[in-house]
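S.K.: Numbering-wise (the working numbering), the sequence shown opens with residue 873 and increments by one. Sharing a structure here in structure tokens format.
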Amino acid sequence: MGGWKQTRKPIPGWVGLIAAVGLAAASVGSSLAWAQAQAHVEDEPPGKLVYEQFCAACHDNVPAGDRAAPVAALRKMSAQTLTTVLTTGVMKPIGDSLDPRQLRDVVAYLAAPEDAAGTAWIDDARCAPDRREVDLRPTPAQIGFGVDHENSRRMSAAQAGLKTADMAKLEVAWSFALPRTSGLRGSGVVVGSTLFYPAGQAGYVLALDTRTGCVKWATPTPSQVRNSLAYGRLGQDGPLGLVAADGQGRLIAFDAKTGDILWRVDPRHDRTAPLSGSALIHDGKVIVPISGSDVGAAIRPSYECCKGHGAVAAVDAKDGRVLWTWHTMPDARPLGVKNSQGVEMYGPSGAPVWSSPAIDVRKGLVFASTGENTSPPATKTSDAIAAMDLATGRETWVFQALENDVWNLSCPVGSPTGDRGPGPNCFFAGEGSVLLDHDFGAGPVIFRRPRGKDVILGGQKSGDVWALDAETGRVLWRQRFGEGTPLGGIHWGIAHDGKRVFAPISDPNVPRERSAAGMHAVDIATGKVAWQWFAAPDCEGPRAKVVTCKTRHGLSAAPLVIDGALLAGSLDGRLWVFDAATGKVLNMVDTATADYRPVNGLPGAGGSIDAAGLFAGDGMVFVNSGYASFDQAAGNVLVALRPKSGR
């Protein structure tokens, strides 16, 4: 198989150097060893020893640039969240190495205390009876993460209830704090005076009053919701509903009027794959992106790397029944190769679909973007954008932006020696892979030309912006900003205003002289740069408390266009407002250091703006402030902004 050796020598010092997404373990010991050690520690919480043996090497004193969550962030998570991550989530391989008692003990040791008042954070903020009605007659301000089926992340003044001039005078109208929360990753949907919101780590989906933040209804979820809400009719004669995915890989449909759960199904072909990207509802179908967990699980030397692959599934909006599935590759098979620990290796794998697809409702096509391969052989569907038939899932075309990007968390970045030596499950290092992890974290965008063929716009973690012929996938132009990193480059999304496409660049920990962190506008017709704005750190005064503000101040969250303004959130918690045509800064709101008095009575603090950080409707701009992953600033507040003059 391409010259791979049957075994490889262990890499001294490798264990403990690699950090995984969310939860990680630097070493795996036996239950017997743990029990023997526990006998000598009578007064310590039993979970402390489990944590120190299995987790501390990665989660204590997290180095800059590591992907592990610091222990302080873990301690803000609920027991439900931690249990889900370790038993059915991306760190299931780590949880599988613990016996039931160890798992129970470490969760109890780490989990945030349960709110003594139970649901007081909801009950104390209930709307008055005459304000609890959920009116679904108005046109929704957005139908999901991408605003529309095209993933444009563009709102007219009428949709948002806001004009460009309003953006220069935004102020905090109210805030809502979430318990047991260190980060907010899902955006809501606004219909009339109701904001439907996924309170992920808190374990609820909420319907809030847009003007006051009071609670109209609150539905607990079996597992935390991990992504943004999608809105639409659930079947031809069904109710208007919401769809989201939870941490157990289930797709949940809610009645938008009442909050009742209508169905909960597992649409995955691979029971270890998370549902990271947001779904999209159209014409009786829910289109679901399916990602993967191998990229993090491969940190374990004993892990059979790697078997999972990405997919897009269509389910019946009425009952969740799977109608079709498009696979990024065939199922993995044994490669006839063992890693240095004697563990069988598998492939091909990877090409997860991390982000929300786009739907061309006129032509009946779905467009999805993919990530890197996690084990060889490399496939043509990794780091790619694919088109498929909406009715059948049949593949129409695939464009691959980067070949041979085979990578997982046991690998160095950029070369076989990179920032460290390869681990056991990076057995392919030095044999063709570019080892970059330059996938498409952002979903594809459909741009409709006034004249001529439609264009597919894509944003890649390499810093590349791509324009493709929507009918064939042929490259029309390419523009690159910076060198890219595994966290962007372009991370969560792009937007357009009808003339320009906007590329937020994150570039965390990249030296200033090489960094492209900031916002870059490209003329869609020509592919030429229209304007650029470069982010600079601000760690003075109260901003000194924003963790890693010197190295993480770029733009990672998906931007949002409102009328003639462009909104973008930074990793250091600042909301930037630009003139979309010129790049002139119209406003800046610091959400990380503001003094919040949440309407529901809980303590609230802001932090990084990342992922699906921005959305709007009914004359309000909503900001998710707080995102503790990737060594960023934790926070737990949904911030509602409105123009100072009011309405």
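Backbone N, C-alpha and C fix where the C-beta goes; we use that ideal spot for every residue, glycine too. Predicted model, so just to flag it, every value in this text is computed and none were measured.
(1) Report the three-state DSSP secondary structure of Y1468 (helix, strand or coil).
(2) Just how far apart, CA to CA, sit E1385 and T1465?
(3) Could you give the DSSP three-state label for A1314: helix, strand or coil?
(4) Express the C-alpha separation of L954 and T1053 in angstroms, rounding to a whole number.
(5) DSSP has M1039 in a bridge; who is on the other side?
(6) Using a 10 Å radius around the Cβ and a threshold of 16 neighbouring Cβ atoms, would you call Q1108 buried or exposed?
(7) Is there contact here, the stretch 1305-1317 with the stretch 1274-1291, by at least three beta-carbon pairs under 8 Å?
(8) Taking P1229 as the reference, which of G1265, F926, V1160, S1212 has the closest Cα?
(9) Would you say N1381 and R1346 are within 9 Å of each other, going by their C-beta atoms?
(10) Using the Cβ count rule (16 or more neighbours within 10 Å means buried), how would you classify E1005?
(11) Is M873 helix, strand or coil by DSSP?
(12) V1457: buried (16+ other C-beta within 10 angstroms of its C-beta) or exposed?
(13) Between which two residues does the alpha helix (DSSP H) carrying H931 extend?
(14) Going straight from the alpha carbon of S969 to that of V1194, what length do you get?
(15) With DSSP as the reference, identify every bridge partner of D1118, one or two as the case may be.
(16) Between the beta-carbon of I1091 and the beta-carbon of D1081, is there less than 9 Å?
(17) Does the beta-carbon distance from G1365 to F1353 come in below 9 Å?
(18) Can you name the start and end residues of the alpha helix (DSSP H) that R973 belongs to?
(19) Have a look at the DSSP bridge pairing and note the partners of T1226.
(20) Is there at least one non-hydrogen atom of the ligand GTP closer than 8 Å to the beta-carbon of D1341?
(21) Please tell me whether K1333 and F1299 are closer than 9 Å, where the distance is taken between their beta carbons.
(22) My assumption, with CB atoms under 8 Å, is that Q1522 sits in contact with G1476. Please give the rounded CB distance.
(23) Between L1438 and A1416, which are expected to be in contact by the criterion C-beta below 8 Å, what is the C-beta distance as a whole number of angstroms?
(24) Would you call the stretch 1211-1218 and the stretch 1230-1240 in contact, with 3 or more CB pairs under 8 Å?
(25) In chain order, what are the residue ranges of uninterrupted beta strand (DSSP E) at least 3 long that sit wholly in the stretch 1335-1360?
(26) My output table needs one value for G1390: the three-state DSSP class, helix, strand or coil.
M.R.: Looking at the coordinates:
(1) The answer is coil: DSSP assigns Y1468 none of H, G, I, E or B.
(2) When rounded, the distance between both Cα atoms is 28 Å.
(3) Three-state DSSP puts A1314 in coil, outside helix and strand.
(4) T1053 and L954: Cα-Cα distance of roughly 12 Å.
(5) Per DSSP, none; premise fails for M1039.
(6) It counts as exposed.
(7) Contact holds: three or more Cβ-Cβ distances are below 8 Å.
(8) The residue with the shortest Cα to Cα distance from P1229 is V1160.
(9) For the pair N1381 and R1346, the CB atoms are not nearer than the 9 Å cut-off.
(10) Residue environment analysis places E1005 among the exposed positions, since fewer than 16 neighbouring C-beta atoms fall within 10 angstroms of its C-beta.
(11) In this prediction, M873 has a pLDDT of 38, which is less than 50 and means its spatial position is unreliable; nothing more can be read from the coordinates.
(12) That one is exposed.
(13) Looking at the DSSP string, the run of the alpha helix (DSSP H) that includes H931 is 928-931.
(14) One Cα belongs to S969, the other to V1194, and the distance between them is close to 32 Å.
(15) Beta-bridge pairing links D1118 to V1097.
(16) Strictly speaking, residue 1091 in this sequence is Thr, with Ile absent from that position. Between T1091 and D1081, the C-beta spacing is not below 9 Å.
(17) Using a Cβ distance threshold of 9 Å, G1365 and F1353 do not count as a contacting pair.
(18) Element bounds for R973: 972-982.
(19) First, the residue type needs correcting, since residue 1226 is Trp and not Thr in the sequence shown. Paired residues: none, contrary to the question.
(20) With respect to the ligand GTP, the structure offers nothing, as it holds no ligand at all.
(21) The Cβ-Cβ distance between K1333 and F1299 does not fall below 9 Å.
(22) For the chain, the structure presents residues 873 to 1519; residue 1522 sits outside this window and is missing.
(23) Incorrect: roughly 28 Å between the Cβ atoms, too far for contact.
(24) For the pair of segments examined, the stretch 1211-1218 was found not to touch the stretch 1230-1240: the number of CB pairs separated by less than 8 Å stays below three.
(25) As far as the stretch 1335-1360 is concerned, its whole beta strand (DSSP E) runs of at least 3 residues are 1336-1341, 1347-1352.
(26) Residue state, collapsed to three classes: strand.
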